[in-house]
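These protein sequence lines map, in sequence, to chains F and Z.
In terms of numbering that gives the first Met the number 0, the first sequence opens at residue 0 and continues consecutively.
In terms of numbering that gives the first Met the number 0, the second sequence opens at residue 0 and continues consecutively.
Structure first, commentary second.
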Amino acid sequence: MSEMSAMNRKLIQALAETISKQVEHFNKTEVEFLIREFNVLLGEPTVPSRAASGLDRGRFRSILHNSFGMTDDMIMDGVFRTFDKDNDSLISMKEWIEGMSVFLRGTMDEKIKYCFHVYDLNADNYISREEMFHMLKNSLIRQPTEEDPDEGVKDLVEITLKKMDHDHDGRLSFADFEKAVREENLLLEAFGTCLPDTTSIEAFEQHVFQEQLEQ
Amino acid sequence: MGVSLTRAAQWTTASSGTGKLEFTPMNESLLKEILHFVEQFSSQHPQEAEHVFVEPLQWSTTLVASDFKTDYDISESVVQSHEKDSEGHPLLQLSPPNVYVRSFSQLSKLVHLADDKKLEEVRACLEENTDPMVKILGPSFASILEEEGTHTDGLSLVRKVQEEDQGKGSEVNVKLFLLLQNMDNQLLSQCLKETSEQVKLNPVTVKNEVELLKQFCSEGENRVLKSVRYTSDDEFSNGCRAPPWRQVLGEICYLVIEPLDTETLYITCSTAGVFLNGCIKQEGEESGYGRTSDIYKDLVTLLKSRSPHFSENINNQHFAVQELPSTQEIQHVESVDAEEQGQPQRSYEQQEKNVHEKARQQHSPNKAGGEKKYEPCPRWKNLGLMSPCGKAEGKKPSKSSGKEKSGEVQKKKLGPGAKTKMKAEFSVSSLPGRLSSQKIKTPAGAVPVDGFSESSSESEEEEEQPERRPESNTDLPPEYWQIQKLVKYLKGGNQTATVLTLCAMTDFNLMQETCQLAIRDVGGLEVLINLLDTDEVKCKIGSLKILRKISHNVQIRRTIIDMGGLQSIMKILDSPVKDLKALAAETIANVARFRRARRTVRQYGGIKKLVKLLDCVPNLVNLTANQEKDVEVARCGALALWSCSKSTKNKEAIRKAGGIPLLGRLLKSPRESMLIPVVGTLQECASEESYRIAIQSEGMIKDLVKNLSSDNDELQMHCASAIFKCAEDKQTRDLVRKYKGLQLLVSLLSKADNKQLLAAATGAIWKCSISMENVAKFQEYKALETLAGLLMDQPEEVLVNVVGALGEFAQIPANKATIRKCGGIKSLVNLLTGTNQALLVNVTKAVGACATDMDNMVIIDQLDGVRLVWSLLKNSSADVQSSAAWALCPCIKNAKDAGEMVRSLVGGLELIVNLLKSTNNEVLASICATIAQIAKDKENLAVLTDHGVVPLLAKLTNTTDDRLRRHLADAIGHCCMWGSNRASFGDAGAVAPLVRYLKSKDKAVHQSTAMALYQLSKDPNNCITMHGKGVVKPLIHIMGSDDEMLQEAAAGCVRNIRLLALANSKAQLFI
């Protein structure tokens, strides 16, 4: 076991070296820790052939839920999609680190891109009315007295479009989204929380970067 | 009918025997029920209607023969019906004023005939026939009733009746009995319903009752109350006047009622009833809400129990006042009945409809009379405390019965009515607010003009004026409905929806009052404040972004405080999120613009938290993004402290929290946006001694001077203002000079358009010119010429300072000439006619200083300046009096032919002598000095003596104030020159105290006292007194003084004493 981990360590260090040059916001050690965390999350590969795979949707979602308190399925799927750049329904180690770089330490620009991706459910580079409705449909308490329980949500979508759709084409392009967020930072996570809050970031970093150091 | 009449109806207790039905709403409705019953009777129960009463119902009617028609035998005034009973009595007989009726059919006919007076007829009938059951059915029935009470059900009663009545066996009788019984029950249940509702007062009821009572306050013999008023003119949309946090407890409003015979009553009206409270005279007195009496069902009852006079007179009043409404009520009832003819039983819906009909009438002004109504007002129901009115219709429980449709129609009619009413109120309420909003300063806005007086801060209060909501028909703007919708989403949305909605809300023009008040009126303010207590950072940020804008509105501020929102905002100051802290502080800066808010900030430890925000490193050249945020937080903190610093206690709290060094550090910031609130706070606080010392010792003067050269007017103004306040201290003045601030101050005078800046700059120049070194510097910069140019066409705030500065400048002789050459004398004399006391003090001082120059004096004399100064002795302010008197001294001294001039002022000398009765030492000293000058003219001295100056001066001699002593002794010395004044002073006991003056440490006192003693010693008796008091020793000591005058006076006095002693011994020798 120790032999194996010694070998692993070397491997991981080499890997971290390369990745840390490609990914922003993390230094080499931090990347190393993230790799370790990734491996832990992946669990010991039962079948050797699957060792090189990545986190599947279910695992990833449970991370989002447990570590970052996310609850909305649709948003979590969106986050998974955004992490999973090659669309293979698995988050590889590289994707994991790249994703986390934005997720934990992204600049405003990076976050805007990230959020837009999360909200662009069908990945057509536009957030359409329907997508908005989809994401917002559970955001209001439905009042049984109203004739159309979705009326409020529809109205909310219209209000949002009015605020964010600068080119008035009835959908949000990336440019629309970016402009709106720059004007009002609160709109970054307009359609659902897809970024962790400061406390959970701190907790996660503490857990990954420091507790492991102590081991 | 019997039971309800005897038990439920409210009878007046006052009159004997017959008793009268009180004019209460319940009786009113009982009567209507009975009337209705009677009217319907003959058509619904023809058989029973023909049944002849055992005894006729008899009462005195208002009907006359001409009222009756064909069916009756009319002979003169007597009327008889065609129908007769078995014994031949006519079923109806009228022999004025009495009428006798023996059957229901006749009764209902009569009621129809009576037309609009039918209610009175029914009333009279019931009043005079207290036991109609007995009369109608006979005593046997009545006894059964009495036996069974109301506990037995109808059936068993019937059985009993049948048993009793076996002989007569009249089925009709029983039926009639049952009908009556039924009616009685119905009446009772209605009474019960009304009584149970009665206890629940509502705003409309209270309002009506107050209106009624107000009518009783009118002058004349009908007057039963002195006054009735609300403690607050401010009526909420739900009709309440109590503040919202009291409304929660069901309180509607507070009243102050002055009865004619007892002490003033302070009354709380709540939904549970009315009671006396612990003296709420004005809104906002926290202490007085407690209940100090029993709860009464309404105001009249309470007043009856408290004021005997009221209870005596009120019943007569009720008649007079209620006449009109009650007749209207009858007509109204009839109109409803017309539609409902033939309905066997009055359904609940019908009653409800009636109620609504009434409610609608309630709004028409002519209904404002005494009519009370205990149904909850639809407006109240619909609007709730804060809820949007639009929802109301849906909430009302729908009635499930055949008549629902008509009820529905009524409701619909009513719904929009209430809505428009609310609309109207809302939009008009914004008017006064809009006016007041103009007063609001933006955080970086101008400082009030009066911010320069020493006690500036407290006087600059944003008054908590009651919000008026006059009625009008203006419509609501579309924003109102949009905001209402958004608030709905805020209430029912999760975090995402809330953030979106908040962002959408910021798109409205939140600086516009319509939007601000719309948010409040649809209950948005509550939601926004509630959001502050959540853990959602984004929601909090969004909420604060809105709050910080709308809190520019006075009414919103007040509501935030009322809701306890300020506490929530202050909690956020501890948050680790910097954006949040900054926003919260900025909101506090807006909210804390009135006293109550500032107190709240202090009491909840807000000052400490705000001071903590100031801790940052402001003066680095390159800041990281994080430090940048710290600086922004500090800026907002400074803004909040600036607002808070307008209360004296807060100034103290800021100091205790260690705010001064932090402010000092921020003062080194290169940014204007930071400097303005910091300097603003400092200048506000500089009214406190502790701050002035700290500002000086912490080296802030240097920075203040430095910022005088800023190109921001506002910053310059605050700096100048801070210097103005601090430069009372000599060291500060020197520091200003050292840092080359004087020139900067003079250069500010060129910005004559900005009056506030000018006032601050001239103020600083004034205070700095107290040091003569500074005056010399100012002369270099030609300040005096510029200042003299500012003597005309300036606001008083500027004039006070300019004139003050001139007064200081004129201490240097060369400047007196300069002032004259600049035409300053004329301007100064012109200003003597003003009314501003601060200005007058300075003007008289400057005039006095100028008058020490002979050439100036000529001009002053020509302009009649002495008379103007003299007339200021009549001013109510002691400061003005003394300042004027001081100015008179050089005037009299330097005027040509001064004696004649003084004499020419009619009543002037008497005025001077009378001022010796003042209690202000400064006034007394100045008047004594003036008297000393006046007394140099013998004729005037004679007049002074005639006015009794001697005893008045003598009375003052016991003072210990050295300044007064000096001038008093001077005055006494000069007044000795006339007639027997020396002896009079001796008689008045002035000599002995004067001797004590020689022990004073003040050399000036010694001098004037020695002179006075010398004069007094020319009277032998005084010599004896002086000698007895041991004057010689100190005088000999004084003879060793350097001052020749003093030496001479002391020596002269001793000589006189000595001469007397010699003469005495000689005389003894000769004896």
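Glycine residues also receive a C-beta, built at the ideal position from the N, C-alpha and C atoms.
For A517 of chain Z, would you say it is in contact with chain F, using Cβ-to-Cβ distances shorter than 9 angstroms as the test? Indexing the second sequence from 1 puts residue 517 of chain Z at position 518. No, its Cβ sits nowhere closer than 9 angstroms to a Cβ of chain F.
Okay, do the stretch 164–179 of chain F and the stretch 529–536 of chain Z touch, 3+ Cβ pairs below 8 angstroms being the bar? The stretch 164–179 of chain F vs the stretch 529–536 of chain Z: no contact.
Nearest-angstrom beta carbon gap, L62 of chain Z and L93 of chain Z [assumed within contact, 8 angstroms]: Reading the second sequence from its first residue, position 94 is the one you call residue 93 of chain Z. Reading the second sequence from its first residue, position 63 is the one you call residue 62 of chain Z. Their Cβ separation, rounded to whole angstroms, is 7 angstroms, which keeps L93 of chain Z and L62 of chain Z in contact under 8 angstroms.
Just to confirm, are G522 of chain Z and V553 of chain Z a CB contact at a threshold of 9 angstroms? Reading the second sequence from its first residue, position 523 is the one you call residue 522 of chain Z. Reading the second sequence from its first residue, position 554 is the one you call residue 553 of chain Z. No.
Anyone know if the C-beta pair for C643 of chain Z and V600 of chain Z falls short of 9 angstroms? Within the second sequence, numbered from 1, the residue matching residue 643 of chain Z stands at position 644. Within the second sequence, numbered from 1, the residue matching residue 600 of chain Z stands at position 601. Against a cut-off of 9 angstroms, the Cβ pair of V600 of chain Z and C643 of chain Z comes out as a contact.
With distances taken between CB atoms, is the gap from A928 of chain Z to A989 of chain Z smaller than 9 angstroms? Counting from 1 along the second sequence, the entry for residue 928 of chain Z is found at position 929. Counting from 1 along the second sequence, the entry for residue 989 of chain Z is found at position 990. Against a cut-off of 9 angstroms, the Cβ pair of A989 of chain Z and A928 of chain Z comes out as no contact.
Are at least three pairs of beta-carbons, each pair with one atom in the stretch 292–312 of chain Z and one in the stretch 235–245 of chain Z, less than 8 angstroms apart? Counting Cβ pairs under 8 angstroms, fewer than three are found: no touch.
Would you tell me roughly how many angstroms separate the C-alpha atoms of G822 of chain Z and A787 of chain Z, rounded to the nearest one? As a position in the second sequence, residue 822 of chain Z is number 823, starting the count at 1. As a position in the second sequence, residue 787 of chain Z is number 788, starting the count at 1. For G822 of chain Z and A787 of chain Z, the distance between alpha carbons rounds to 8 angstroms.
Please state whether DSSP places Q92 of chain Z in a helix, a strand or coil. Against the second sequence, residue 92 of chain Z aligns to sequence position 93. Secondary structure at Q92 of chain Z: strand, using DSSP grouped into helix, strand and coil.
Within 8 angstroms, do at least three Cβ pairs link the stretch 24–37 of chain F to the stretch 159–172 of chain F? With the cut-off at 8 angstroms, the stretch 159–172 of chain F and the stretch 24–37 of chain F do not touch.
Please state whether the Cβ-Cβ distance between L103 of chain F and I200 of chain F is less than 9 angstroms. Taking the first residue of the first sequence as position 1, residue 103 of chain F is located at position 104. Taking the first residue of the first sequence as position 1, residue 200 of chain F is located at position 201. Yes, Cβ-Cβ distance for L103 of chain F and I200 of chain F is below 9 angstroms.
Spatial neighbours of E94 of chain F within its chain, please: C-beta separation below 8 angstroms, excluding the five flanking residues on both sides. As a first step, residue 94 of chain F must be located in the first sequence, where it is residue number 95. Excluding residues up to 5 positions away in sequence, G53, F82, D83, K84, D85 lie with their Cβ nearer than 8 angstroms to the Cβ of E94 of chain F in the same chain.
At 8 angstroms on the CB atoms, spell out the chain F contacts of A584 of chain Z, in chain order. In the second sequence, counting from the first residue as 1, residue 584 of chain Z sits at position 585. What A584 of chain Z touches in chain F: nothing, since even the nearest Cβ is about 19 angstroms away.
Residues of chain F with CB under 8 angstroms from I571 of chain Z, in chain order? Position 572 of the second sequence, counted from the start, is the residue given in the question as residue 571 of chain Z. Close to I571 of chain Z, with beta-carbon spacing below 8 angstroms, lies no residue of chain F; the smallest spacing is near 15 angstroms.
Following the continuous alpha helix (DSSP H) through D175 of chain F, name the residue where it begins and the one where it ends. Taking the first residue of the first sequence as position 1, residue 175 of chain F is located at position 176. Run containing D175 of chain F: 173–182, per the alpha helix (DSSP H) assignment.
If we call anything under 9 angstroms between Cβ atoms a contact, is L640 of chain Z one with V678 of chain Z? Mapped onto the second sequence, residue 640 of chain Z falls at position 641. Mapped onto the second sequence, residue 678 of chain Z falls at position 679. No, the Cβ-Cβ distance between L640 of chain Z and V678 of chain Z is not below 9 angstroms.
What would DSSP say about P202 of chain Z, mapped onto helix, strand or coil? Translated into the one-based positions of the second sequence, residue 202 of chain Z becomes position 203. In this structure, P202 of chain Z counts as helix in the three-state DSSP scheme.
Under three-state DSSP, which class holds W379 of chain Z? Locating residue 379 of chain Z in the second sequence gives position 380, where the first residue counts as 1. Note that W379 of chain Z has pLDDT 42, beneath the 50 cutoff, so the model's placement of it is unreliable and no number is given.
Count the other CB atoms, across all protein chains shown, that sit within 10 Å of the CB of V868 of chain Z; report buried if there are 16 or more and exposed otherwise. Here residue 868 of chain Z refers to the residue found at position 869 of the second sequence. Buried is the label assigned to V868 of chain Z, since at least 16 other Cβ atoms lie within 10 Å of its Cβ.
Leaving out the 5 sequence neighbours to the left and right, which residues in its chain are closer than 7 angstroms to C1052 of chain Z when beta-carbon positions are compared? The residue labelled residue 1052 of chain Z in the question sits at position 1053 within the second sequence. The beta carbon of C1052 of chain Z lies closer than 7 angstroms to those of A1009, L1012, Y1013, S1016, L1034 in the same chain, with the five residues before and after it left out.
Spell out whether any CB of chain F is found under 9 angstroms from the CB atom of G137 of chain Z. Numbered from 1 along the second sequence, position 138 holds the residue referred to as residue 137 of chain Z. For G137 of chain Z, the answer is no, since every Cβ of chain F falls outside 9 angstroms of its Cβ.
Figure out for me which residue from F:R8, F:K27, F:I111 has the closest Cα to the Cα of T192 of chain F. Here residue 192 of chain F is taken as the residue at index 193 of the first sequence, counted from 1. The shortest C-alpha separation from T192 of chain F is found at F:I111.
Neighbour list for G492 of chain Z in chain F, Cβ cutoff strictly below 7 angstroms: The residue you call residue 492 of chain Z lines up with position 493 of the second sequence. Within chain F, the residues near G492 of chain Z are S138, L139.
Of the residues F:I96, F:G77, F:Y118, which one's Cα is nearest the Cα of S88 of chain F? On the first sequence, residue 88 of chain F is found 89 positions in, with the first residue counted as 1. Among F:I96, F:G77, F:Y118, the Cα nearest to that of S88 of chain F belongs to F:G77.
Ends of the beta strand (DSSP E) at K136 of chain F? Residue numbering aside, residue 136 of chain F sits at position 137 when the first sequence is read from its first letter. Note, K136 of chain F: premise wrong, no beta strand (DSSP E); not H, not E.
Going by DSSP in three states, G99 of chain Z sits in which element: helix, strand or coil? As a working mapping, residue 99 of chain Z is identified with position 100 in the second sequence. Residue 99 of chain Z is actually Tyr in this sequence, not Gly. The answer is strand: DSSP assigns Y99 of chain Z an E or B state.
Please decide whether L485 of chain Z counts as near chain F, where near means a Cβ-Cβ distance under 9 angstroms. Locating residue 485 of chain Z in the second sequence gives position 486, counting from the first residue. Output row for L485 of chain Z: interface = yes.
Chain F contact residues for M540 of chain Z, given Cβ-Cβ distances below 8 angstroms: Counting from 1 along the second sequence, the entry for residue 540 of chain Z is found at position 541. The residue you asked about is not Met; residue 540 of chain Z is Ile in the sequence shown. Those are L185, listed as they occur along chain F.
Confirm, please, whether the CB-CB distance from L609 of chain Z to L582 of chain Z is below 9 angstroms. Residue numbering aside, residue 582 of chain Z sits at position 583 when the second sequence is read from its first letter. Residue numbering aside, residue 609 of chain Z sits at position 610 when the second sequence is read from its first letter. Their beta carbons are not under 9 angstroms apart, which means L582 of chain Z does not touch L609 of chain Z by this criterion.
is_contact[A122 of chain F, chain Z] using C-beta, thresh 9 angstroms: Position 123 of the first sequence holds residue 122 of chain F. Interface with chain Z (9 angstroms Cβ-Cβ cutoff): A122 of chain F is excluded.
Residue-chain proximity (T230 of chain Z, chain F), Cβ-Cβ < 9 angstroms: In the second sequence, residue 230 of chain Z corresponds to position 231, counting from 1. Taking Cβ atoms only, chain F never reaches closer than 9 angstroms to T230 of chain Z, which makes this a no.
Roughly how many whole angstroms lie between the Cα atoms of L963 of chain Z and C767 of chain Z? Start at 1 with the first residue of the second sequence, and residue 963 of chain Z comes out as number 964. Start at 1 with the first residue of the second sequence, and residue 767 of chain Z comes out as number 768. Taken atom to atom, the span from the alpha-carbon of L963 of chain Z to that of C767 of chain Z is near 28 angstroms.
From Z:C725, Z:L681, Z:E627, Z:L175, pick the residue whose C-alpha is nearest to that of L638 of chain Z; which is it? On the second sequence, residue 638 of chain Z is found 639 positions in, with the first residue counted as 1. Just measuring C-alpha positions, the residue of Z:C725, Z:L681, Z:E627, Z:L175 sitting nearest L638 of chain Z is Z:L681.
Assuming contact is defined by CB atoms lying nearer than 9 angstroms, are T761 of chain Z and N800 of chain Z in contact in what I supplied? Walking along the second sequence from the start, residue 761 of chain Z turns up at place 762. Walking along the second sequence from the start, residue 800 of chain Z turns up at place 801. Note that the C-beta distance between T761 of chain Z and N800 of chain Z is below 9 angstroms.
In angstroms, rounded to a whole number, what distance separates the CA positions of T70 of chain F and L63 of chain F? Here residue 70 of chain F corresponds to residue number 71 of the first sequence, with the count starting at 1. Here residue 63 of chain F corresponds to residue number 64 of the first sequence, with the count starting at 1. Between the alpha carbons of T70 of chain F and L63 of chain F lies a distance of about 8 angstroms.
Thinking V526 of chain Z and I560 of chain Z are a contact (beta carbons under 8 angstroms), I'd like their distance in whole angstroms, please. For the purposes of this step, residue 526 of chain Z is taken as the residue at position 527 of the second sequence. For the purposes of this step, residue 560 of chain Z is taken as the residue at position 561 of the second sequence. Not really, about 17 angstroms apart at Cβ, beyond 8 angstroms.
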